[in-house]
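Numbering-wise, the sequence shown is residues 1 to 283 according to the numbering used here.
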Amino acid sequence: MAEIWKGAPVAEALNARAIAQVEALGARGIHPTLAIIRVGERPDDLSYERGAMKRCEKLGVQVRRFLLPQQASQAQLLEAIAQVNGDPGIHGCLLLRPLPPQMDEEAARRALSPAKDVDGITDGSLAGVFTGSGEGYPPCTAQACIEILDHYGYSLQGKRAVVVGRSLVVGKPVAMLLLARHATVTICHTRTQDLPGICRGADLVIAAAGKPRMLTQAYFAPGQVVLDVGIHVLEDGSMCGDVDDEAAQQLAAAVTPVPGGVGTVTTSVLAAQVVAAAGKAVG
């Protein structure tokens, strides 16, 4: 049976480092602050917002919320973003998405300052991930995968990694982060031919396809490490990921659970990136 790589110990280690940095910044009169911009009251947004606020409170990171009604205009959203960009006391911004249909998400992404983009949604942040320049910040979920691998001592150098998913939120950026650690990376998706065979040939599989329990036993081989990024709420109220966890655990060497895996680390990454942005802002 596979070892279960839980996210809680990873988050705790990240939190401890962030608390020390917050205290050091506080001694200089600097208080790391996150702005949360939310339009409407989507349950997913509210849940993530609560988690982010709880994590920030625990670490001493301040939070300012910019809340707009569901029918807010594009101009109102851009005004909120402009306020965040222009406030030197705000070090990072979380823009909750997807936005309502009357809004232009691309325009909103372009409007946000990359220096305050701690969730890796702007072109500037993504360019930093793809070029390896170190500018900006990677999407939090993609970085959470790397934090888990680091915490559990998994060396990526020379490993064959398969990423199932090609979104800009997880798939593409996590592939670049793996490549930067000298892994050999294959990006796959739901239209990839012989996807199970490609996954079986990997040392590391990161599942970010967005489909419940899509990766069944046919996708796995003995000794693999499997990170499950997916999170889905089923009709009975239970949760699952993109991986059939029972099948994966029978073959893999290590598997992240859902819930309690990658998602647990994501808000700690967000808070840590706010703290890092605060440090950069003051030099």
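Glycine included, every Cβ here is placed at the ideal spot set by N, Cα and C.
Under 8 Å between C-beta atoms of residue i and residue j
| i | j | result |
| --- | --- | --- |
| C240 | R213 | yes |
| A254 | V229 | no |
| A208 | G92 | no |
| P138 | L177 | yes |
| A111 | L67 | no |
| V269 | A144 | yes |
| A35 | I90 | yes |
| V258 | H151 | no |
Residue i - DSSP class collapsed to helix/strand/coil
| i | result |
| --- | --- |
| Q21 | helix |
| M239 | strand |
| T192 | coil |
| R64 | strand |
| E3 | strand |
| A288 | An answer regarding residue 288 cannot be provided, because it is not within the stretch 1 to 283 covered by the chain. |
| L78 | helix |
| A161 | strand |
| A299 | Outside the displayed range of the chain (1 to 283) lies residue 299, so it cannot be described from this structure. |
| H91 | coil |
| T216 | coil |
Euclidean distance between Cα positions of residue i and residue j
| i | j | result |
| --- | --- | --- |
| T33 | V84 | 11 Å |
| A161 | R200 | 11 Å |
| I206 | A75 | 38 Å |
| A2 | V174 | 23 Å |
| Q62 | G51 | 14 Å |
| E235 | A24 | 46 Å |
| D203 | Q217 | 15 Å |
| C56 | A18 | 10 Å |
| R64 | H182 | 39 Å |
Which listed residue (the options) has its alpha carbon closest to that of residue i
| i | options | result |
| --- | --- | --- |
| L168 | G210, S155, G201, P69 | G210 |
| I4 | L227, K54, L156 | L227 |
| P196 | A20, V243, H232 | V243 |
| E106 | I90, G124, G89 | G124 |
| T266 | I231, V163, Q157 | I231 |
CB-CB length for residue i against residue j, believed under 8 Å
| i | j | result |
| --- | --- | --- |
| M233 | G7 | Correcting the residue identity first, residue 233 is Val in this sequence and not Met. Contact flag wrong, Cβ pair sits at about 18 Å. |
| L59 | A271 | 5 Å |
| Q21 | G279 | 7 Å |
| T184 | I198 | Going by Cβ atoms, the distance from T184 to I198 rounds to 12 Å, so no, they are not a contact pair. |
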